[in-house]
Amino acid sequence: MPVYTTWADTARTCTCTRLTGYWTWEDFRRAHNRGLRMMDETPADVVHVIIDFSSSKAIPPNAIFHFTYYGRQLHPKTGQIIGVGVPQLLMTTARLMDLVLPDIATNVHIMPTKAEALTFLGLNSQAHS
184 MPVYTTWADT ARTCTCTRLT GYWTWEDFRR AHNRGLRMMD ETPADVVHVI
234 IDFSSSKAIP PNAIFHFTYY GRQLHPKTGQ IIGVGVPQLL MTTARLMDLV
284 LPDIATNVHI MPTKAEALTF LGLNSQAHS
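For the sequence shown, this note's numbering begins at 184 and goes up steadily by one.
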């Protein structure tokens with residue numbers, strides 16, 4: 184499966200959705216829904232989200248529409264949202280989304296690597312490999 188969501192840390196306070204190769208919005212939807220179920224099941228009050236684009240070959244069409252939609256479908260436990268390995272085109276899209284979804288813009292960050300994202304979140308000592 185080209186998009187999958189797993190726990191990024193042993194304490195289950197951060198999910199990581201990894202996009203690999205060529206993927207579709209249907210693939211993303213399934214992984215997003217899995218992430219929502221994972222948040223329901225963890226006892227943590229706040230769950231951060233890493234979306235890892237570093238192995239993605241391309242972003243499907245209509246990225247602004249889809250990311251805006253998913254930005255409005257956040258779980259109540261959602262903490263920081265970090266994009267990793269984000270392509271330049273998507274960085275431009277993220278800036279536009281800041282205007283469309285200003286209420287979550289302060290919780291969205293872009294980092295070059297997953298390791299840096301985990302360090303930012305203070306989770307590097309309990310991260311899964």
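For glycine and all other residues, C-beta sits at the position ideal for the given N, C-alpha and C.
Hey, A298 and N307: beta-carbon distance below 8 Å or not?
Position 115 of the sequence shown, counted from the start, is the residue given in the question as residue 298. Position 124 of the sequence shown, counted from the start, is the residue given in the question as residue 307. Yes, these two residues count as a Cβ contact at 8 Å.
Can you tell me the Cα-Cα spacing of T198 and P244, whole angstroms?
For the purposes of this step, residue 198 is taken as residue 15 along the sequence shown, with counting starting at 1. For the purposes of this step, residue 244 is taken as residue 61 along the sequence shown, with counting starting at 1. Taking the Cα positions, T198 is about 25 Å away from P244.
As assigned by DSSP and simplified to three states, the class of Q256:
Residue 256 sits at position 73 when you count from the first residue of the sequence shown. In this structure, Q256 counts as coil in the three-state DSSP scheme.
Which first and last residues belong to the beta strand (DSSP E) in which L202 is found?
Here residue 202 refers to the residue found at position 19 of the sequence shown. Start and end: 197 to 204.
If you measure between the beta carbons of R195 and A227, is that distance less than 8 Å?
Taking the sequence shown and counting its residues from 1, one reaches residue 195 at position 12. Taking the sequence shown and counting its residues from 1, one reaches residue 227 at position 44. Contact: yes.
Taking C-alpha atoms, which residue in T261, A246, Q263 lies nearest to Q271?
Counting from one through the sequence shown, the residue named residue 271 turns up at place 88. For Q271, the closest C-alpha among the options T261, A246, Q263 is that of A246.
Who are the near neighbours of G266 in its chain, counting only those whose CB is closer than 6 Å to its CB and skipping five residues on each side?
As a first step, residue 266 is located in the sequence shown; it is residue number 83 there, counting from the start. Around G266: I234, I293.
Pick helix, strand or coil for M184, following the three-state DSSP scheme.
For this step, residue 184 is matched to residue 1 along the sequence shown. When secondary structure is reduced to three states using DSSP, M184 falls in the coil class, being assigned neither helix nor strand.
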